[in-house]
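In the numbering used here, the protein residues as written are 4 to 165. Cβ atoms here follow ideal geometry from the backbone N, Cα and C, with glycine treated the same way. Only a predicted model underlies this, so the values are computations on that prediction, with no experimental measurement involved. For reference, the structure is listed below as structure tokens.
See below:
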């Protein structure tokens with residue numbers, strides 16, 4: 004497959020915020036609007052999934068609302084990790100109103116798996132939890148220091164008044 008040669012290097016996905024944009028939920032409108040007129044179909048063309056898979060994109064394409072023609076990189080990433088068949092099967096099992104969120108999660112997990120093949124999203128979550136614990140400990144130390152300084156200042160005032 005030709006596209007795998009182009010993306011052989013790990014993608015810098017967490018620095019590329021546009022991969023995780025919330026436009027996938029706004030693009031989850033009916034796919035029939037894509038095909039309403041012949042001029043609209045020729046302008047927009049097949050979805051990113053059908054482009055990558057080199058197949059004809061039909062009105063009933065389950066991937067079209069979530070992988071618009073401009074989201075080729077998102078589909079390639081998800082396809083490399085999960086495979087198109089699994090993505091399609093999972094989307095069919097999910098209620099239509101939750102599919103946009105599921106696709107967003109799949110793309111995020113695929114990006115995380117490329118960056119960290121062993122832990123994926125779990126590694127990101129673990130690192131964020133570690134950072135949170137570190138900041139909470141730092142906050143507790145700072146609060147204790149403020150309390151100590153407040154008590155020390157009060158003692159100085161009491162000593163000056165007596």
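Nearest-angstrom Cα separation, counted from residue 139 out to residue 132: In the chain shown, residue 132 corresponds to position 129, counting from 1. In the chain shown, residue 139 corresponds to position 136, counting from 1. Looking at the two C-alpha atoms, the distance is approximately 10 Å.
Residue 63 - DSSP class collapsed to helix/strand/coil: As a position in the chain shown, residue 63 is number 60, starting the count at 1. Reduced to three states, the DSSP call for residue 63 is coil.
Where the alpha helix (DSSP H) containing residue 144 begins and where it ends: Walking along the chain shown from the start, residue 144 turns up at place 141. Residues 124-164.
Residue 110 in three-state terms, based on DSSP: For this step, residue 110 is matched to residue 107 along the chain shown. It is helical.
Exposed unless 16 or more other CB atoms sit within 10 angstroms - verdict on residue 68: Stepping through the chain shown from its first residue, residue 68 is reached at position 65. It is buried - the Cβ of residue 68 has at least 16 other Cβ atoms within 10 Å.
Neighbour-count burial assignment, residue 110, 16 or more Cβ in a 10 Å radius: Residue mapping note: residue 110 aligns to position 107 of the chain shown, counting from 1. Buried, since its Cβ has 16 or more Cβ neighbours within 10 Å.
Alpha carbon of residue 43 to alpha carbon of residue 125, nearest angstrom: Taking the first residue of the chain shown as position 1, residue 43 is located at position 40. Taking the first residue of the chain shown as position 1, residue 125 is located at position 122. Because the pLDDT at residue 43 is just 42, under 50, the model does not fix this residue reliably, and the value given afterwards should be weighed accordingly. In this structure, the CA atom of residue 43 is about 41 Å from the CA atom of residue 125.
Beta-carbon proximity check, residue 79 vs residue 106, cutoff 8 Å: As a first step, residue 79 is located in the chain shown; it is residue number 76 there, counting from the start. As a first step, residue 106 is located in the chain shown; it is residue number 103 there, counting from the start. No, they are not a contact pair.
Endpoints, alpha helix (DSSP H) assigned at residue 78: Counting from one through the chain shown, the residue named residue 78 turns up at place 75. Looking at the DSSP string, the run of the alpha helix (DSSP H) that includes residue 78 is 75-85.
Option in 108, 53, 155 and 87 with minimal Cα separation from residue 73: Position 70 of the chain shown holds residue 73. The shortest C-alpha separation from residue 73 is found at 53.
Top-ranked residue by Cα proximity to residue 64, from 82, 84 and 91: The sequence position of residue 64 within the chain shown is 61, counting from 1. Shortest Cα-Cα distance from residue 64 to any of 82, 84 and 91 involves 91.
Residue 152 to residue 128 span [Cα, whole Å]: Along the chain shown, one-based indexing puts residue 152 at 149. Along the chain shown, one-based indexing puts residue 128 at 125. The alpha-carbon atoms of residue 152 and residue 128 are separated by roughly 36 Å.
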